[in-house]
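Sequence lines, in order, name chains A and B.
Each number in the numbering used here corresponds to the 1-based position in the first sequence with 18 added.
Each number in the numbering used here corresponds to the 1-based position in the second sequence with 27 added.
Idealized CB from N, CA, C, for every residue including glycine.
Predicted model, so just to flag it, every value in this text is computed and none were measured.
Here's the structure we're looking at; comments come further down.
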Amino acid sequence: MNPRRQKRLVAVTAFVLLLGGAIGAMLYALQQNIDLFYTPSQLIEGIGDKKVKPEVGQRLRIGGMVVKGSVRRAPDSLKVSFDLVDTGPIVTVEYEGILPDLFREGQGIVAQGVLVDKTTILASEVLAKHDEEYMPPEVAEALKGIKHVPPSQLYKESDKGQQP
Amino acid sequence: MIAEYGQLALTFAFCVSLALAIVPLYGSFKGNQTALELGNPLAYALFFLTAFSFWALSYAFWANDFTVVYVASNSNSLLPWYYRLTAVWGGHEGSMLLWLLTLAGWIGAVALFSRSLPLQFQGRILGVMGLIAVGFYAFVLFMSNPFMLSLPYYPVDGRDLNPLLQDFGMIIHPPMLYMGYVGFAVSFAFAIAALMGGKFDSTWARWARPWTLAAWMFLTMGIMLGSWWAYAELGWGGWWFWDPVENASFMPWLVGTALIHSLAVTEKRGTFKSWTVLLAIGAFSLSLLGAFLVRSGVLVSVHSFAADPDRGLYLLAFLLVVVGGSLLLYAIRMNSVRSQARYELFSREVLLWGNNIFLLTATLVVLLGTLFPLVHKELGLGSISIGEPFFNQLFYYLVIPFSLLLGLGPWVRWKQQQVQPLLKPMSLIAIATLILALGTMAATQSIQANLALLGLLLGAWVGSSAIFELLQRLQQFGSITQGLTKLNASHFGMTLAHIGFAVLVVGVAMTKTYSVETQVRMKAGDQVELAGYQFKLVEVYDLKGPNYSGEAAELDVSYQGDYVTHLHAEKRFYTVQRSVMTEAAVHARLSRDLYVALGESLSEDSWALSLYVKPFVRWIWLGGLLMSLGALIALCDKRYRRRTVDRKDTTEQKDKADA
Chain A
19 MNPRRQKRLV AVTAFVLLLG GAIGAMLYAL QQNIDLFYTP SQLIEGIGDK
69 KVKPEVGQRL RIGGMVVKGS VRRAPDSLKV SFDLVDTGPI VTVEYEGILP
119 DLFREGQGIV AQGVLVDKTT ILASEVLAKH DEEYMPPEVA EALKGIKHVP
169 PSQLYKESDK GQQP
Chain B
28 MIAEYGQLAL TFAFCVSLAL AIVPLYGSFK GNQTALELGN PLAYALFFLT
78 AFSFWALSYA FWANDFTVVY VASNSNSLLP WYYRLTAVWG GHEGSMLLWL
128 LTLAGWIGAV ALFSRSLPLQ FQGRILGVMG LIAVGFYAFV LFMSNPFMLS
178 LPYYPVDGRD LNPLLQDFGM IIHPPMLYMG YVGFAVSFAF AIAALMGGKF
228 DSTWARWARP WTLAAWMFLT MGIMLGSWWA YAELGWGGWW FWDPVENASF
278 MPWLVGTALI HSLAVTEKRG TFKSWTVLLA IGAFSLSLLG AFLVRSGVLV
328 SVHSFAADPD RGLYLLAFLL VVVGGSLLLY AIRMNSVRSQ ARYELFSREV
378 LLWGNNIFLL TATLVVLLGT LFPLVHKELG LGSISIGEPF FNQLFYYLVI
428 PFSLLLGLGP WVRWKQQQVQ PLLKPMSLIA IATLILALGT MAATQSIQAN
478 LALLGLLLGA WVGSSAIFEL LQRLQQFGSI TQGLTKLNAS HFGMTLAHIG
528 FAVLVVGVAM TKTYSVETQV RMKAGDQVEL AGYQFKLVEV YDLKGPNYSG
578 EAAELDVSYQ GDYVTHLHAE KRFYTVQRSV MTEAAVHARL SRDLYVALGE
628 SLSEDSWALS LYVKPFVRWI WLGGLLMSLG ALIALCDKRY RRRTVDRKDT
678 TEQKDKADA
């Protein structure tokens, strides 16, 4: 091999190794930082054909509509908890901090946090979109094909169904 | 009526863009002088028609013409006049018109300032830009027309501008950003025109450089303004969120930065040619990708506009045509291009290779983090989101070697560098770095081995290397004062931009490490201490604005007993859009920001408040500002204004003036 080719070989090998290492590191970091998105019914009933449910302690995102009348505040701190619903099941979100400006009962929000028990999420972040009619697209999708009633009514109707 | 004229002008502009896409290109391949010379007037016509159309839409906003659907959905008669005018680009349709205006502006500028280029080459550039223009004008005219009327049943008043956009930052952030995005279309057109001709030499790079620098300058400003706006307006005290749309603007910036450096090699050494062309194509393609991501509704973010799948599909098709077409041309033409220059392993060329590799790896990281959730969802694997730590972690690893290289780069000669002569200056810089970094740390915080120290070391390394290098270069002219007049502007620009990067790194590291925040429940008279500052809530009272109502909080801040400042934070309720906005109170100093956001009312007399103390956060924007200032200075370099050919006798006089 002449010296030029040798140099080129070294350069190419170094480049490939670097690129491979970089992509490997990236994928590893990616794997560590993926948060799956659930709606309340997916959280309880499981996702997809296999009905995969999240494990307690798992980091996740949840999106749903805040159930009317479910926001409970602690009297002397910023602790707050509220319920989320999409098509039926209800999960509870606990959070300490200031809720976003557009957080309102009956509106769609997304919370990022850790599952502490089967139906409770300890949120580190609560997001609400700056739009009156906003609904997280995942929630909108989950609600697709179902008659368009505000979740608050949906909640009440299911309540009534349970108390004949 | 005015709105109809705007529509008419836009239609004409579309026809002109068609002509611009066909005539000069035809002329360049057939050698038809007349067709080539038509390029300039067509470019000017395109600009004036678009400007008129834009003016017409602005007038409709100014005059509260709610017969125009777009005006009705983005403005309101209660809105102050200045926000009525900026509301022109507050929604999808109007911002696309602004996009067209900047595109037409760049085309006009190319026509105006590149008259000294060979006619055939200039014609090709204008033709390629015309092709791009056809795509965008058709998009606006047929798929997102801002002049649509709702006659005869028009609303009495409008739905108001999104309160988030009622801010000074919003007035200049989108125009700057678009100037940057669209500016890369010029670099792209230069690259494609050169591909058509098959001629790449250092003159080509010298022509393309100022345009790329200008676009990069605007994009840097736009991103910085966006970050500053988000910090001031969103009330969460952050300055970068790795939001998909931020990422969409960051990717062309990274590739654009790589392009600037690669162009330097092509100009000075005549190598990296095919690579430079690829980067020019990449920068513009990523700008288009950004437009697609933001406007198709595939992403959810603060920035995304109302979703319309057809628009997304059109933009995606356009993106594919542009990328596919240019890569095809590249594949056909590029194998005939050979670089003949040789360089050794330790040379500036190789270090700039390193620069490009790191910048492109960073682009890959951002691209992966932005598109992966989309792919994941489309494959039916469920919705996911990629957390901030992913980006932070990888950028952390990338910035360290990148900064080390950056401190070394400007000292290394082209072609070949001996190690021996560099040892002395490099060790001097290393000592200066240690003193600077530890000194700053001791002066502001306690000395610890943490991210902040790393950031300070890297920043001081890059900064002191840039300054020493400049001094050394100036001395080569005999004395520093002589050097100041003789050294070319692009060298000053480079040094300033590198210092800007250093400042940015220091700002990010210090803010990341030493920011403290707390969310508290306060009553009037309560006092909270944070990082040595005492925040005292004096009172909260009701507020009445032109198109909003709300509450305001007054706070007094003192530091260890000494009065520092008074802060005024607001929470506004915009009545028409029925939405709440936080107007944070910020007290800014170079060494730290005090930041207070008023939260919700918890009971009759107590309030939730967010308090932040953010050291060195200003340095982040200062760094960005220095970078774009550096680009501006580099743009002023005389050699970019040197005439290459005299097409007419009239240009000769200007030549003399330039010399």
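Best match in the options for proximity to residue i [C-alpha to C-alpha]
i, options, result
"B:Ser410", "A:Gly115, A:Phe55, A:Gln130, A:Ala92", "A:Phe55"
"A:Glu114", "B:Gly650, B:Val304, B:Gly626", "B:Gly626"
"B:Ala558", "B:Ile456, B:Leu45, B:Lys641", "B:Lys641"
"B:Lys172", "B:Leu124, B:Phe195, B:Ala131, B:Leu69", "Residue identity check: residue 172 of chain B is Asn in the sequence provided, not Lys. The candidate whose alpha carbon is nearest that of B:Asn172 is B:Leu124."
"B:Val282", "B:Leu240, B:Trp269, B:Trp256", "B:Leu240"
"B:Leu629", "A:Val89, A:Gln24, A:Arg22, A:Thr57", "A:Val89"
"B:Gly196", "B:Gly253, B:Val603, B:Leu306", "B:Gly253"
"B:Phe519", "B:Thr538, B:Ser506, B:Leu497, B:Phe504", "B:Leu497"
"A:Thr137", "A:Gln60, A:Ala32, A:Gln50", "A:Gln60"
"B:Gly352", "B:Met468, B:Leu158, B:Phe528", "B:Leu158"
"B:Leu372", "B:Thr397, B:Ala216, B:Gln445", "B:Gln445"
"B:Leu346", "B:Asp337, B:Arg599, B:Gly588, B:Ala318", "B:Ala318"
"B:Ser618", "B:Ala40, B:Leu342, B:Gln472, B:Gly132", "B:Gln472"
"B:Thr592", "B:Asp620, B:Leu112, B:Glu578, B:Gly572", "B:Asp620"
"B:Val530", "B:Lys550, B:Ala307, B:Gly651, B:Ile462", "B:Gly651"
"B:Ala70", "B:Phe140, B:Gln561, B:Asn91", "B:Phe140"
"B:Cys663", "B:Leu320, B:Gly185, B:Met244, B:Phe211", "B:Met244"
Residue i and residue j closer than 8 Å at C-beta
i, j, result
"B:Trp648", "B:Met206", "no"
"A:Val84", "A:Glu123", "yes"
"B:Glu544", "B:Tyr639", "yes"
"B:Leu514", "B:Arg500", "yes"
"B:Phe79", "B:Ala36", "yes"
"B:Ala464", "B:Leu433", "no"
"B:Ile660", "B:Ala516", "yes"
"B:Ser177", "B:Thr94", "yes"
"B:Glu415", "B:Trp269", "yes"
"A:Val184", "A:Leu117", "Chain A is shown from 19 up to 182; residue 184 of chain A falls before or after that span and cannot be answered."
"B:Ile134", "B:Phe74", "yes"
"B:Trp438", "B:Pro428", "no"
"B:Ile359", "B:Ala218", "no"
"B:Glu376", "B:Arg296", "yes"
Run of the alpha helix (DSSP H) containing residue i, from where it starts to where it stops
i, result
"B:Ile219", "195-224"
"B:Lys665", "Looking at the DSSP string, B:Lys665 is not in any alpha helix (DSSP H), and its letter there is neither H nor E."
"B:Ser542", "It is not in any alpha helix (DSSP H) - B:Ser542 carries neither H nor E in the DSSP assignment."
"B:Gly160", "First, the amino acid is wrong: residue 160 of chain B is Ala here, not Gly. It spans 146-170 - the alpha helix (DSSP H) in which B:Ala160 sits, taken as one unbroken run."
"B:Asp569", "No alpha helix (DSSP H) contains B:Asp569, which is instead part of the beta strand (DSSP E) from 560-571."
"B:Leu401", "375-405"
"B:Ser55", "29-57"
"B:Trp133", "119-140"
"B:Leu340", "336-361"
"B:Glu294", "271-296"
Beta bridge counterpart(s) of residue i as assigned by DSSP
i, result
"B:Ala624", "B:Ser637"
"B:Phe600", "B:Ser576, B:Val607"
"B:Pro642", "B:Arg619"
"B:Phe74", "Beta-bridge pairing links B:Phe74 to no other residue."
"A:Glu112", "A:Ser99, A:Leu140"
"B:Arg233", "BP columns for B:Arg233 are empty, so no partner."
"B:Thr592", "B:Val584"
"B:Leu521", "The residue asked about is misnamed: residue 521 of chain B is Met in this sequence, not Leu. None, per the DSSP bridge assignment."
Segment limits, beta strand (DSSP E) that includes residue i
i, result
"A:Gln130", "126-135"
"B:Gln472", "It is not in any beta strand (DSSP E) - B:Gln472 carries neither H nor E in the DSSP assignment."
"B:Gln554", "554-557"
"A:Arg77", "77-84"
"A:Leu54", "52-56"
"B:Ile413", "411-413"
Under 7 Å by beta carbon: chain E residues contacting residue i
i, result
"A:Asn51", "Among the protein chains of the structure shown, namely A and B, there is no chain E."
*asked:* Does the structure place the region 599-619 of chain B close enough to the region 254-271 of chain B that three or more beta carbon pairs sit under 8 Å?
replied: Verdict: yes, contact present.
*Count the CB pairs spanning the region 282-296 of chain B and the region 375-383 of chain B that are closer than 8 Å, and state whether there are at least three.*
A contact exists between the region 282-296 of chain B and the region 375-383 of chain B.
*Taking one C-beta from the region 535-552 of chain B and one from the region 443-463 of chain B each time, how about it: are there three or more such pairs within less than 8 Å?*
Verdict: no, contact absent.
*asked:* Taking contact to mean 3 or more Cβ pairs, one atom from each stretch, closer than 8 Å, check whether the region 32-48 of chain B and the region 150-169 of chain B are in contact.
replied: Three or more pairs of CB atoms, one per stretch, sit closer than 8 Å, so the region 32-48 of chain B contacts the region 150-169 of chain B.
*Would you call the region 95-113 of chain A and the region 37-49 of chain A touching, i.e. three or more CB-CB distances under 8 Å?*
Contact check between the region 95-113 of chain A and the region 37-49 of chain A: fewer than three CB pairs, one atom from each, fall below 8 Å, which does not count as touching.
*How about the region 218-233 of chain B and the region 185-205 of chain B: do they share at least three Cβ pairs that are nearer than 8 Å?*
Too few Cβ pairs lie closer than 8 Å, so no.
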